[in-house]
Amino acid sequence: LYIELRAGYLDSQEKHGPGSNTRAELHEQVPLCASQPRPVSGAQPTIAPARASPPSNKSMSSTYKYVFIPADESRPIEVKEAPVCGLATDNLSQTAKRYFYESSDKAARAAALDGASEEEKNKLADQLRDEIKASGQAGSRMQKIDNDGLIAMLKATHTSNTCEITAVTVPTASNGHRAVSMYSADDSRTRGLPYNRRATELLVASGHDVDSVPTPNNRLAIGAAPRGGVLGDAFVGRCHDDEKADIWTRVDFDLKDAGRSEATSLWI
3 LYIELRAGYL
13 DSQEKHGPGS
23 NTRAELHEQV
33 PLCASQPRPV
43 SGAQPTIAPA
53 RASPPSNKSM
63 SSTYKYVFIP
73 ADESRPIEVK
83 EAPVCGLATD
93 NLSQTAKRYF
103 YESSDKAARA
113 AALDGASEEE
123 KNKLADQLRD
133 EIKASGQAGS
143 RMQKIDNDGL
153 IAMLKATHTS
163 NTCEITAVTV
173 PTASNGHRAV
183 SMYSADDSRT
193 RGLPYNRRAT
203 ELLVASGHDV
213 DSVPTPNNRL
223 AIGAAPRGGV
233 LGDAFVGRCH
243 DDEKADIWTR
253 VDFDLKDAGR
263 SEATSLWI
């Protein structure tokens with residue numbers, strides 16, 4: 003419960019807190035226990051204000067491709083298509099969030115909160131405070147929030163469409179300002195979702211470390227790989243992201259990009 007609540011609290015701070023200017027591509031989920039990915043092409047993720055739409059280009063394709071990687075290895079990786087879009091209307095992130103919300107029990111849990119008595123809500127708030135204290139966050143501002151505030155924040159985690167976003171690669175001049183992102187369920191561990199070997203190997207082949215123990219300095223790293231690898235199904239897509247040129251638009255990422263190297267037997 004505390005992990006879910008703190009994720010919702012961080013999300014609300016990021017959206018409404020002072021000085022919040024994180025890029026929308028990475029704004030929905032900040033991993034609580036994730037190792038910082040090793041730099042790709044010697045660069046770190048760039049955080050900047052979101053840009054609403056791609057530049058006008060008559061030769062640009064009207065659709066782009068992305069892939070869906072099921073955790074169940076008996077199912078093939080699927081190539082999907084969607085209309086080309088800009089950051090403000092990114093249909094891939096919207097599709098992923100809707101998919102993970104509809105496949106979860108968040109709606110049922112939100113309904114249970116609505117139907118809870120005041121006594122039950124007060125007990126739940128006390129339980130949340132105990133979990134916060136046990137986590138070593140006794141001095142957290144969350145400890146000072148009243149019962150109604152804690153319940154409202156917990157409900158918000160059950161009613162909002164969110165997902166975990168991992169920066170597979172970051173946009174740099176050396177890669178043509180192409181960024182690749184992976185979308186997975188942000189509650190995969192609490193739900194006990196199955197290990198996704200193919201998605202995890204793609205992250206590892208891209209330079210991510212999924213095995214190291216997080217430290218206080220990197221436990222909130224934006225875009226870091228989930229510790230222990232990916233659980234549950236995953237979506238992977240690419241965008242052209244050039245801040246100086248004011249470009250953000252979806253471009254193809256298909257099976258040849260998520261293919262296996264026979265020489266290394268790793269995803270590339």
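Everything in the sequence shown is counted per the working numbering, starting at 3 for the first residue and increasing by one. Backbone N, C-alpha and C fix where the C-beta goes; we use that ideal spot for every residue, glycine too. A quick note: this is a predicted structure, and the numbers were derived from the prediction, not measured.
Closer than 7 Å: residue i CB and nearest the ligand ATP heavy atom
i, result
"Arg180", "For the structure depicted, the ligand ATP is absent and the ligand set is empty, with no information on it obtainable."
Three-state secondary structure (DSSP) of residue i
i, result
"Ser183", "strand"
"Asn220", "With a pLDDT of 46 at Asn220, under the threshold of 50, the predicted position of this residue should be treated as unreliable, though the coordinate-derived value follows. In the structure shown, Asn220 sits in coil (DSSP, three-state: anything other than H, G, I, E or B)."
"Thr65", "strand"
"Leu195", "coil"
"Asp244", "strand"
"Glu75", "coil"
"Cys35", "The predicted position of Cys35 is uncertain, since its pLDDT is 29 and thus under 50; no value can be drawn from it."
"Gly239", "strand"
"Lys258", "coil"
"Ile249", "strand"
Cβ-Cβ separation, residue j to residue i (assumed contact under 8 Å), whole Å
i, j, result
"Ala118", "Leu195", "So it is not a contact: roughly 26 Å between Cβ atoms."
"Val212", "Arg193", "Actually they do not touch by this definition, with Cβ atoms about 19 Å apart."
"Arg240", "Val172", "In fact, because the Cβ distance is near 12 Å, the residues do not count as touching under 8 Å."
"Val86", "Thr65", "6 Å"
"Asp189", "Ser106", "6 Å"
"Asn149", "Ala127", "4 Å"
Host beta strand (DSSP E) of residue i (start-end)
i, result
"Ile167", "166-171"
"Ala84", "80-85"
Residue i vs residue j beta-carbon contact at 8 Å
i, j, result
"Val253", "Arg180", "yes"
"Val232", "Leu205", "yes"
"Lys67", "Phe255", "yes"
"Asp243", "Trp250", "yes"
"Lys123", "His160", "no"
Host alpha helix (DSSP H) of residue i (start-end)
i, result
"Thr97", "93-104"
"His210", "Neither: His210 is in no alpha helix (DSSP H) and is coded neither H nor E."
"Thr161", "149-161"
"Arg229", "Arg229 -> no alpha helix (DSSP H), and no H or E assigned at all."
"Lys108", "108-116"
"Ala175", "First-last for Ala175: undefined, no H or E at that position."
Report task. Report yes or no: do the stretch 157-177 and the stretch 98-105 share at least 3 C-beta pairs separated by less than 8 Å? Result -> yes
Report task. Say whether the stretch 148-158 touches the stretch 109-118, bearing in mind that this needs 3 or more beta-carbon pairs closer than 8 Å, one atom from each stretch. Result -> yes
Query raised in the report: Quick check: the stretch 199-213 against the stretch 225-240, are there 3 or more CB pairs under 8 Å?
Result: yes
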